[in-house]
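Chains as they are written, first to last, in this note's numbering: chain A, 25 to 211; chain B, 25 to 211.
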DNA sequence: GTGTTGATGTATCGTGCTGATACATCTCGC
DNA sequence: GCGAGATGTATCAGCACGATACATCAACAC
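Quick look at the structure:
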């Protein structure tokens, strides 16, 4: 999952690890953070696979001035997508696995929806809604079965979880709806 | 975190792994699942530490009747808390670390609030609210700064995340409020 | 000038969790 | 008697986290 996120960000512009992590955190927001402990190994893996590449450190930029980011002093490693990387990223965006429906996977996929084909978008949104609906129903059932046996706090926890799931289902329905009206299915 | 959950459930009644996992899933609801890949190693770890113990398999229970769970046929491992385990669990419930404020840790702690001291309950609820407030504020700021640069989908993702965080803050505030009125702080 | 703080930046390690997989037994309906 | 599905224990590769370490750089203070 980090793979697609990293490729997606580098597809917009070259970056180094630190910046990548910051953009990742603000892009995915609540959905995920990703620590360096997974980011750096991923960068190495992607580099070995040939999807990304390190920009030359260009020994000394005697560039004088203020506010200009032409640097890359010692130790700075700037990564960019290779041609194969771009291709690979496009392939990843065009396929949908079950991992696109869990919290983390869905957040990542949604973050790159602008570059995703609209039929794939719809498929992901509907798959996610399906999953969240099942989750909500499961919680509703379990809640109905065990409501009287639960203490106040457990009940609160469950109800909050259920409401969150229901809210997400409604949100997804809106997204699906506007996705459909924007591109009616050739009917 | 699994540790406290397992101890808490076994504190209610002895159980085997499979049942433990099911109760775990329904107890924590959306907050967490826990797979066998972590459950069984945890059980072993807890057993080695002496917090839990295996009930004797008692070769054959010729117990006749219906609905009685006196079994334990071949291969069934029923675990129960030891005296040290009960003590350890009480200690765990009485202390609050930073891990009690993230999604998983908070869900687990809340699930055993009924057995937690009320001052500790309040501390956990307030710590969680603090964290969620910070998260929400961070998202609001980042949203305000980058709103125009974002595409429709990223914006949707961020706004949904923000609303969820705000909702949780409100929910926590209600819990804190009712916690305070139920047990006014000796004032 | 020099010291200190905080942001930037790369990197590793131990620990823990997931998802997949394997396998064995028990229960119930057909 | 037999297959299906729930019950039940267990392991493994891969991934991610949180802590930690360390180095550079800008800013501002004394």
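Ideal placement from N, C-alpha and C gives every residue a C-beta, glycine not left out. Please read all numbers here as calculations on a predicted model, not as lab measurements.
Any chain A beta carbon closer than 8 Å to residue i
i, result
"residue 105 of chain B", "no"
"residue 195 of chain B", "yes"
"residue 64 of chain B", "no"
"residue 90 of chain B", "Note on residue 90 of chain B: pLDDT 35, under 50, position unreliable in the model; no value is reported."
"residue 39 of chain B", "no"
"residue 205 of chain B", "no"
"residue 83 of chain B", "Note that residue 83 of chain B scores a pLDDT of 45, beneath 50, so its modelled location is shaky and nothing firm can be said."
"residue 42 of chain B", "no"
"residue 50 of chain B", "yes"
"residue 190 of chain B", "no"
"residue 131 of chain B", "yes"
"residue 143 of chain B", "no"
"residue 182 of chain B", "yes"
"residue 157 of chain B", "no"
"residue 175 of chain B", "yes"
8 Å Cβ cutoff, residue i in contact with chain B
i, result
"residue 124 of chain A", "no"
"residue 29 of chain A", "no"
"residue 93 of chain A", "Low local confidence applies: a pLDDT of 37 at residue 93 of chain A is under 50, so the model's placement there is unreliable, with the coordinate-based value given in what follows. Answer no: the Cβ-Cβ gap between residue 93 of chain A and chain B never drops below 8 Å."
"residue 59 of chain A", "no"
"residue 138 of chain A", "yes"
"residue 134 of chain A", "yes"
"residue 163 of chain A", "yes"
"residue 112 of chain A", "no"
"residue 185 of chain A", "yes"
"residue 115 of chain A", "no"
"residue 53 of chain A", "yes"
"residue 7 of chain A", "Look at the range of chain A in this structure, 25 to 211, and you will see that residue 7 of chain A is not part of it."
Residues sharing a beta bridge with residue i, DSSP
i, result
"residue 40 of chain B", "B:102"
"residue 78 of chain A", "A:103"
Reference residue i, options the options, closest by Cα
i, options, result
"residue 204 of chain A", "A:187, A:166, A:146 and A:176", "A:146"
"residue 149 of chain A", "A:107, A:179 and A:202", "A:202"
"residue 60 of chain B", "B:72, B:106, B:108 and B:40", "B:40"
"residue 187 of chain A", "A:196, A:163 and A:206", "A:163"
"residue 53 of chain B", "A:106, A:158, A:206 and A:111", "A:158"
"residue 137 of chain B", "B:181, B:106, B:105 and B:200", "B:200"
"residue 140 of chain B", "B:113, B:156 and B:181", "B:113"
"residue 72 of chain A", "A:50, A:106, A:179 and A:46", "A:106"
"residue 28 of chain A", "A:179, A:118 and A:180", "A:118"
"residue 74 of chain A", "A:123, A:143, A:111 and A:121", "A:111"
"residue 122 of chain A", "A:142, A:155 and A:115", "A:155"
"residue 198 of chain B", "B:68, B:153 and B:49", "B:153"
"residue 38 of chain A", "A:116, A:160, A:115 and A:67", "A:67"
"residue 127 of chain A", "B:185, B:43 and B:116", "B:185"
"residue 76 of chain B", "B:43, B:42, B:32 and B:196", "B:32"
"residue 161 of chain A", "A:42, A:183, A:64 and A:56", "A:183"
CB-CB length for residue i against residue j, believed under 8 Å
i, j, result
"residue 125 of chain B", "residue 109 of chain B", "That belief does not hold up - the Cβ atoms of residue 125 of chain B and residue 109 of chain B are roughly 25 Å apart, past 8 Å."
"residue 34 of chain A", "residue 178 of chain B", "So it is not a contact: roughly 17 Å between Cβ atoms."
"residue 181 of chain A", "residue 135 of chain B", "6 Å"
"residue 58 of chain B", "residue 45 of chain B", "7 Å"
"residue 120 of chain A", "residue 70 of chain A", "Residue 120 of chain A to residue 70 of chain A, Cβ: 21 Å. No contact."
"residue 62 of chain B", "residue 26 of chain B", "6 Å"
### Query
Quick one: any contact between the region 62 to 80 of chain A and the region 188 to 199 of chain B, if contact means 3 or more CB pairs under 8 Å?
The region 62 to 80 of chain A vs the region 188 to 199 of chain B: no contact.
### Query
Using 8 Å as the threshold, is the region 129 to 145 of chain A in touch with the region 100 to 110 of chain A, meaning 3 or more CB pairs across them?
Contact between the region 129 to 145 of chain A and the region 100 to 110 of chain A is absent: fewer than three C-beta pairs spanning the two stretches fall below 8 Å.
### Message
Under 8 Å: do the region 154 to 174 of chain B and the region 150 to 168 of chain A share three or more Cβ pairs, one atom per stretch?
### Response
No, they do not touch.
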